[in-house]
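Here is the structure we will look at, set down as structure tokens.
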Amino acid sequence: MLGLERRDTLLLIAVAVITLFAPIILNPFPTGSALAQFNAGYPDLMQRFVIFGIFAIGFNILFGLTGYLSFGHAAFLGIGSYSAVWMFKLLSMNVLPAILLSVIMAGLFALVIGFVSLRRSGIYFSILTLAFAQMSYNLAYSVLTPITNGETGLQLTLSDPRILDGASTGGLPVTSLFGAEMRDTTTLFVGPWSWDFSVGYYFCAVLLLVAFYISVRIFRSPFGMMLRAVKSNQQRMNYTGLNTRPYTLAAFVISGMYAGLAGGLLAAMDPLAGADRMQWTASGEVVLMTILGGAGTLIGPVLGAGFIKYFENIFSKINDGILHQWFAFMPDGLENVIVAVLHPFIGKGWHLTLGLMFMLVVIFLPGGLVEGAQRTGRLFRRRDRNADHMESDAARQRAAAE
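Going by full-length UniProt numbering, 26 is the number at position 26 of the sequence shown; the sequence numbering is gapless.
Shown next, in the form of structure tokens:
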């Protein structure tokens with residue numbers, strides 16, 4: 001189906017089902033219950049899951065296939081956001097032209113940066129991309145203030161021309177898709193549960209599925225095989241007389257366009273663009289997402305993005321008060337000791353917990369969360385085979401006894 005093999009088709013269907021039913025899957029606990037703290041089915045967080053999933057999928061096309069580690073992909077994320085906001089200010093609040101401009105601008109910048117950076121490989125390539133990202137950040141923060149509005153960030157104003165929409169009269173307009181506002185949300189109540197279905201989330205979800213499908217086609221194409229060959233032994237390919245730079249540059253540009261799409265979606269959900277999206281920490285975050293989920297795998301980057309964003313938005317909200325509620329059944333002295341031990345790992349210390357988990361994954365699961373799932377699947381299949389063998393042996397023994 002859709003030109004995919006059976007295995008890839010099943011994976012795409014699984015991603016589609018999980019994405020479309022995410023508002024229900026991510027809200028498993030009743031509203032108002034003690035465990036409602038762990039619900040992640042509200043629109044803002046679900047949108048971040050999807051948007052940074054797109055960002056990580058694009059980064060995986062470069063890093064997972066070619067082995068080129070870029071520390072500057074946040075530059076394209078920021079360029080996408082700035083381009084989208086400018087489109088909202090000048091043309092229309094319709095998100096489609098803004099998204100299109102974000103992808104094009106990020107692709108053009110990626111073409112220039114990749115053309116220079118790919119003249120080197122290894123750590124030198126990584127440092128070059130980091131340097132370009134930091135230059136972009138500083139330009140957006142100070143030098144290009146008329147374009148980026150400096151440290152305040154680029155925002156909508158009532159005086160924006162918006163050629164197609166006309167001037168605003170009753171306050172700032174909101175982003176929309178042919179009249180359907182991105183912030184429109186319908187809440188479904190079923191007993192103690194409540195689920196939010198947002199226009200903005202499903203718009204991002206559809207683009208995630210398209211981005212995932214394109215990445216699958218790239219992975220399975222001759223172009224993808226060439227990129228894997230570059231990762232395997234680029235020097236040997238150069239010795240054969242094959243010029244690998246056009247392939248790596250194409251992968252870099254495609255990856256940058258994915259990042260621009262993610263940046264445009266961030267602006268489409270919240271029409272604001274700031275230089276902070278270009279910081280090196282944002283580039284490091286997408287590296288963590290890809291490695292944590294499983295670099296070079298199809299679904300791994302999406303899992304890694306969801307994992308990190310869940311920790312950032314859910315786990316970080318746990319505080320001492322919540323811990324005291326959880327352990328209130330214990331004697332006061334023991335309760336206070338447990339809370340004191342866990343205190344450095346929660347709230348603002350969520351980075352410490354994430355760092356420890358990342359270390360464990362790198363040490364014991366070099367292939368990321370995908371490798372963990374594969375090992376678990378093999379373990380259950382082995383148990384099933386052993387059980388089948390035991391049953392067949394028992395059957396043969398009974399037959400022999402009879």
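The C-beta atom is built at its ideal place from N, Cα and C for all residues, glycine as well.
From the DSSP output, in three-state form, read off residue i for me.
{"i": "F197", "result": "strand"}
{"i": "A74", "result": "helix"}
{"i": "A273", "result": "strand"}
{"i": "N94", "result": "strand"}
{"i": "L69", "result": "coil"}
{"i": "L108", "result": "helix"}
{"i": "L154", "result": "strand"}
{"i": "I99", "result": "helix"}
{"i": "P43", "result": "helix"}
{"i": "residue 424", "result": "Nothing about residue 424 can be read from this structure; the chain reaches only from 1 to 402."}
{"i": "Q37", "result": "helix"}
{"i": "I291", "result": "helix"}
{"i": "P246", "result": "helix"}
{"i": "Q279", "result": "coil"}
{"i": "F88", "result": "helix"}
{"i": "G377", "result": "helix"}
{"i": "L11", "result": "helix"}
{"i": "F311", "result": "helix"}
{"i": "F29", "result": "coil"}
{"i": "I346", "result": "coil"}
{"i": "R119", "result": "coil"}
What residue range is occupied by the uninterrupted alpha helix (DSSP H) comprising residue i?
{"i": "T145", "result": "145 to 148"}
{"i": "E335", "result": "332 to 342"}
{"i": "I299", "result": "Neither: I299 is in no alpha helix (DSSP H) and is coded neither H nor E."}
{"i": "residue 415", "result": "Here the chain covers residues 1 to 402 and nothing more, so residue 415 does not appear."}
{"i": "Q134", "result": "122 to 138"}
{"i": "K231", "result": "222 to 239"}
{"i": "F21", "result": "Premise fails: F21 is in no alpha helix (DSSP H) and is neither H nor E."}
{"i": "A358", "result": "According to the sequence provided, residue 358 is Phe. The question's Ala does not apply to it. Run containing F358: 350 to 364, per the alpha helix (DSSP H) assignment."}
{"i": "G321", "result": "320 to 326"}
For residue i, would you say it is in contact with chain B, using Cβ-to-Cβ distances shorter than 8 Å as the test?
{"i": "L272", "result": "Reference to chain B is not applicable here, since this structure consists of a single protein chain."}
Given a threshold of 16 other Cβ atoms within 10 Å of its Cβ, counted over all protein chains shown, does residue i qualify as buried or as exposed?
{"i": "R385", "result": "exposed"}
{"i": "L227", "result": "buried"}
{"i": "E5", "result": "exposed"}
{"i": "N243", "result": "exposed"}
{"i": "R7", "result": "exposed"}
{"i": "F52", "result": "buried"}
{"i": "Q235", "result": "exposed"}
{"i": "P23", "result": "buried"}
{"i": "T281", "result": "exposed"}
{"i": "V174", "result": "exposed"}
{"i": "M359", "result": "exposed"}
{"i": "G102", "result": "Here residue 102 is Ser; the residue named in the question, Gly, does not match the sequence. Classification of S102: buried, given that the 10 Å Cβ count is 16 or more."}
{"i": "Q47", "result": "buried"}
{"i": "S136", "result": "buried"}
At a threshold of 7 Å, does residue i count as lining the ligand NAD (C-beta to nearest heavy atom)?
{"i": "A40", "result": "No copy of the ligand NAD occurs in the structure displayed, which carries no ligand at all."}
Inset, instruction - Pair every Cβ in the segment 235 to 252 with every Cβ in the segment 107 to 117, then say whether three or more of these pairs are closer than 8 Å. - result: These segments touch.
Legend entry - Inside the segment 156 to 220 only - alpha helix (DSSP H) runs reaching at least 4 residues: The qualifying runs are 199 to 220.
Legend entry - Segment contact, 8 Å Cβ cut-off, at least three pairs: the segment 68 to 86 with the segment 308 to 321: Between the segment 68 to 86 and the segment 308 to 321 there are fewer than three C-beta pairs closer than 8 Å, too few to call the two in contact.
Inset, instruction - Would you check if there are 3 or more beta carbon pairs closer than 8 Å linking the segment 154 to 167 to the segment 183 to 201? - result: No: the two stretches stay apart, fewer than three of their Cβ pairs being nearer than 8 Å.
Legend entry - Three or more C-beta pairs below 8 Å linking the segment 89 to 102 and the segment 285 to 303: The answer is no - the segment 285 to 303 does not touch the segment 89 to 102, with fewer than three Cβ pairs under 8 Å.
Legend entry - Touching by the beta-carbon criterion (3+ pairs, under 8 Å), the segment 336 to 346 and the segment 374 to 384: Fewer than three Cβ pairs drawn from the segment 336 to 346 and the segment 374 to 384 lie within less than 8 Å of each other, which leaves the two stretches out of contact.
Inset, instruction - Report yes or no: do the segment 192 to 206 and the segment 40 to 49 share at least 3 C-beta pairs separated by less than 8 Å? - result: Three or more Cβ pairs drawn from the segment 192 to 206 and the segment 40 to 49 lie within less than 8 Å of each other, which places the two stretches in contact.
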